[in-house]
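Student: Following this message is one structure expressed as structure tokens.
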Amino acid sequence: MTRLLVGPFNRVEGDLEVTLDIDDGRVTSARVNAPMYRGFEQILQGKNPHDALVYVPRICGICSVSQSVACARALASLGGIAPPPNGQHVTNVMLATENLADHLTHFYLFFMPDFTRPVYARQPWHAEALRRFAPQTGEQTRAAIAARQRWFTLLGTLAGKWPHTQSVEAGGSTRPVEAAERIRLLAKVREFRSFLERELFAAPLELITGLDSEQALWDWHAQDPWRGDFRLFLSMVQSAGLASLGSGPGRYLSYGAYPQPGGGFEFGSGVWLASTGSLMPLDVSGIREDATHAWLSDAAGPRHPVEGITLPDIDKPDAYTWNKAPRLAGQVIETGAIARQLAAAHPLVLDAVRRHGGTVFTRVLARVLELARVVPMMENWLRQLQPNAPYCVPSPAFTEGVGVGLSEAARGSLGHWVVASRGRIANYQIVAPTTWNFSPRDKAGTAGALEQALEGALVQPGEATPVSVQHIVRSFDPCMVCTVH
Amino acid sequence: MTNPAFNVLWLQSGGCGGCSMSLLCADTTDFHGHLRDAGIHLLWHPSLSLESGHELIGLLEQIVSGQVRLDALCIEGSLLRGPHGSGRFHVLAGTGIPMIHWVRQLAAQARHVVAVGSCAAWGGVTAGGSNPTDACGLQYEDDRPGGLLGSEFRSASGLPVINIAGCPTHPGWVIDSLMALASETLGDADLDTLGRPRFYADQLVHHGCTRNEYYEYKASAEKPSDLGCMMEHRGCKGTQVHADCNTRLWNGEGSCTRGGYACIACTEPGFQEPGHPFHETPKFAGIPIGLPTDMPKAWFVALASLSKSATPRRVKLNAVADHLVVAPLARKTRLK
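Top line first, the protein sequences correspond to chains A and B. When we follow the numbering used here, the leftmost residue of the first sequence carries the number 1, and every step to the right adds one. When we follow the numbering used here, the leftmost residue of the second sequence carries the number 486, and every step to the right adds one.
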């Protein structure tokens, strides 16, 4: 057996290190380390609860709106208020803008460049991969950055700036939209739709969202296997074996995405179990964070976030990361676009996951599918804005009590738990998507989702940073700064 | 013969990565082409490079040993000195070496050292609250000179650390700074007393604020989403804060005040601990404590009370509404 220390990973958000035990060319065991700690949960102690809306977006520069939305929902639940319909719709548009930008960034800037590596030089698509996805020079990489820049102008209008807006409030949005602005916003969404339909899919979004089985997907692919960047990816899935690479734990969590003013979600909530192929209702009271293998105090044992403690303990034996190990009813969970699309029962993702499980292929598939599904929803929410109706209700003083804010970031389920006492934050705990996915082992020694997914990965002779490991790690679209906050 | 490329290495430590994500929003149709045309070569960037793991470590070692020329070391995020000065709150993955040691070694080789964002400049939000990680900036700890590299530090160019402060920093501030460095047109006189490039730090956020008419009449917003001036009640510091946010807009057409929320002074040292709730204006005897720095207080109070008594009904009513409730009259003014 040999041991390999892999890091720093790039094209993930933040710093990441993975320790691999390798036997006979396969990973037998993996340990995932988030090697940086900042201590937001400590920084927030004693603050005015409303100030959390300034601090928490700064947990993460790639999904700051997600952090804001979870915080705003936690404060709204603490204060017993709800945004008016305009505030709800605009918040959804802001969150969706960021989530889709993250999906786009992941596909073009973070994930696809690995297929330009020399290890794939013999593949028939390698020259095409270089032409499209070579970092800094690839045609599609550059086009995607330009599309992303234009896309974020939506948040210039709605959020003042991105990242780190403060326009997301517990009571809605501070930025009312005028009638003429709404027309311009719709035009910008159409511009992005056009990029996706021309470059990524080379097909109408409705054709993609209408694919109702894996067979339908491959039939469409076979019509013109390299036309559009998504179909080129599908060609790589076949030849690089991505459909069987990186199997996760088979339990998928979604808190529900894009709540609607009348109640309910655009993408529903729940825990989807591969073992039964069915969706179970969500019970967040069963969440516990286990800090056995984190450089954090675990004297009090695994705790629900309302009672969570985050205190560094850097010389702890057996610890190997700053990340706690969250568990739902004691079990390891995977979260992300794949979990949302399973909870939302999209037939293509259901079919693909039933065949392959959660793998590099199905994770990317679900993410790309969301690009196609959410853009038309955004058009719909913008059309529903009532220009002269309120966008925000004032916040109360947030003096006493407990608030819970659950949201879906691009990378999966994000939860904030706040406890206020005498007008101050007595406790604030955050469980981010990559906290779930890149969890270390728990007290029982059970490996986290990525740790499980890496077991069995192929390590070719001489590889110091194995390409299969890179595909698996990046298929989760990890965000390390969120993970350890 | 063309000049050799201006080599830039970009590393992240105790921050959120938001300055990198902001950078990609730079106002250009071809981000990488824009840099290349300016002669800028990204040796490595965490979000934009192919090289991972051992490939990057090899590059860092080559820079430290002087084999690869480093023209600008860009550091994003604060420097985490804790616990107990060990730097173990951020050990660079794959190396077993604390990031602060890497930064010290690389800074010693760099022609320019650039702090990208308020974390790298002053410590920023990471140094908030109890500052659990003992976070600081490259050459400042809030407004106190020192930081990781010390107040005497000068890079090979002779300049101190260039503080492109902001949370996040504006992509234009970064691109313009790098282009000026690459063309050797940024010197000591182009930095303000806190090491910030003066092309944006000699402006105030207040300049170009679309709420100016409300400011003139002290017609003030009272709750989030109100249209009025946010200085009197909502904590806005735009009249005192150095940055061109309302003339060089964000993401096409935004700014904090245009987005309906207060300027929290994110380009200024120590902004993370204002000593009051961010969304409330601290006052003494009903008068905001933080007045424009170059205006005598008595004059401000006198002018404010005069302008309040002269506020048009339209401005007074719109200030506390979330959309125009009274439009300006349309009538012939016989302007000549």
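For every residue, glycine included, the Cβ atom is placed at its ideal position computed from N, Cα and C.
1. Residues of the segment 565–587 of chain B with a CB closer than 7 Å to any CB of chain A: list them in chain order, please.
2. May I ask you to list the residues that DSSP assigns as paired with B/His-575?
3. For A/Gly-405, list the residues DSSP reports as bridge partners.
4. Please name the residue in A/Ile-22, A/Val-306, A/Ala-274, A/Tyr-37 whose C-alpha comes closest to that of A/Arg-31.
5. Grab me the residues of B/Met-486's own chain with a C-beta within less than 8 Å of its C-beta, minus the 5 sequence neighbours each way, in chain order.
6. If we cut at 8 Å on Cβ distances, does B/Met-506 have a partner in chain A?
7. For a contact meaning CB atoms closer than 7 Å, what does B/Pro-653 contact in chain A?
8. Shorter than 8 Å from the beta carbon of A/His-50 to some beta carbon of chain B?
9. Distance cutoff 8 Å, beta carbons only. Does A/Phe-15 sit that close to anything in chain B?
10. Can you tell me which residues form a DSSP beta bridge with B/Gly-499?
11. So with Cβ pairs under 8 Å, would you call A/Val-481 a contact of chain B?
12. Is it buried or exposed for A/Val-12, if we count other Cβ within 10 angstroms and need 16 for buried?
13. Tell me the rounded alpha-carbon separation between B/Ala-667 and B/Ala-728.
14. For B/Phe-516, which residues from the same chain have a beta carbon less than 7 Å from its beta carbon, with the 5 sequence-adjacent residues on both sides left out?
15. Mind listing the chain B neighbours of A/Val-54? Cutoff is C-beta to C-beta under 7 Å, in chain order.
16. Pick out whichever of B/Asp-619, B/Glu-536, B/Leu-527 has its Cα sitting closest to the Cα of B/Leu-564.
17. Name the two residues that bound the continuous alpha helix (DSSP H) containing A/Met-94.
18. With burial defined as no fewer than 16 other Cβ atoms inside 10 Å of the residue's Cβ, what is the status of A/Arg-411: buried or exposed?
19. With H, G and I counted as helix, E and B as strand and the rest as coil, what does DSSP make of B/Ala-815?
20. Using a beta-carbon distance below 8 Å, is B/Lys-708 in contact with chain A?
21. Identify each residue in the segment 601–632 of chain B for which the Cβ-Cβ distance to at least one residue of chain A is less than 7 Å, and report them in chain order.
22. Run through chain A and tell me which residues come within less than 7 Å of B/Pro-531, C-beta to C-beta.
23. When you compare the CB of A/Met-1 with every CB in chain B, is at least one pair closer than 8 Å?
24. Taking Cβ to Cβ, would you say A/Arg-354 is nearer than 8 Å to A/Gly-277?
25. Does the beta carbon of B/Trp-735 come closer than 8 Å to any beta carbon on chain A?
26. Specify the secondary structure class of B/Asn-731 as computed by DSSP and reduced to three states.
27. By Cβ distance below 7 Å, which residues in the same chain neighbour B/Gly-524 in space, the five residues on each side in sequence not counted?
28. Let me know the alpha helix (DSSP H) ranges lying completely inside the segment 757–800 of chain B, each 4 residues or longer, listed in chain order.
29. Should B/Gly-739 and A/Gly-61 be called a contact, given that it needs their Cβ atoms to be closer than 8 Å?
30. Scan the segment 370–404 of chain A for residues whose Cβ lies nearer than 8 Å to a Cβ of chain B and list them as they occur along the chain.
31. Assuming B/Phe-785 and B/Pro-777 make a contact with CB atoms under 8 Å, what is their CB distance in whole Å?
32. Would you call A/Arg-251 buried or exposed, if buried means 16 or more other Cβ atoms sit within 10 Å of its Cβ?
33. Is the beta carbon of A/Glu-139 less than 8 Å from the beta carbon of A/Arg-131?
34. On the DSSP bridge assignment, give the partners of B/His-526 in chain order.
35. At 7 Å on the CB atoms, spell out the chain B contacts of A/Ala-453, in chain order.
Tutor: Looking at the atomic coordinates:
1. Pro-568, Arg-573, Phe-574, His-575, Val-576, Leu-577, Ala-578, Gly-579
2. A/Met-36
3. A/His-416
4. A/Ile-22
5. Since pLDDT at B/Met-486 reaches only 41, below the 50 mark, its modelled position is unreliable, and the value read off the structure follows with that caveat. Answer for B/Met-486: no residue qualifies.
6. yes
7. Gly-61, Pro-163, His-164
8. yes
9. Note that residue 15 of chain A is Asp in the sequence shown here, rather than Phe. At least one chain B Cβ lies under 8 Å of A/Asp-15.
10. B/Ser-563
11. yes
12. buried
13. 23 Å
14. Leu-509
15. Ile-749, Phe-763
16. B/Asp-619
17. 85–105
18. buried
19. coil
20. yes
21. Val-610, Thr-611, Gly-613, Gly-614, Ser-615, Pro-617, Thr-618
22. Asn-10
23. no
24. yes
25. yes
26. coil
27. Asn-488, Ala-490, Phe-491, Ala-667
28. 782–794
29. no
30. Pro-387, Asn-388, Pro-390, Tyr-391, Cys-392, Pro-394, Ser-395
31. 7 Å
32. buried
33. yes
34. B/Asn-492
35. Residues of chain B passing the Cβ test: none, with the nearest at roughly 18 Å.
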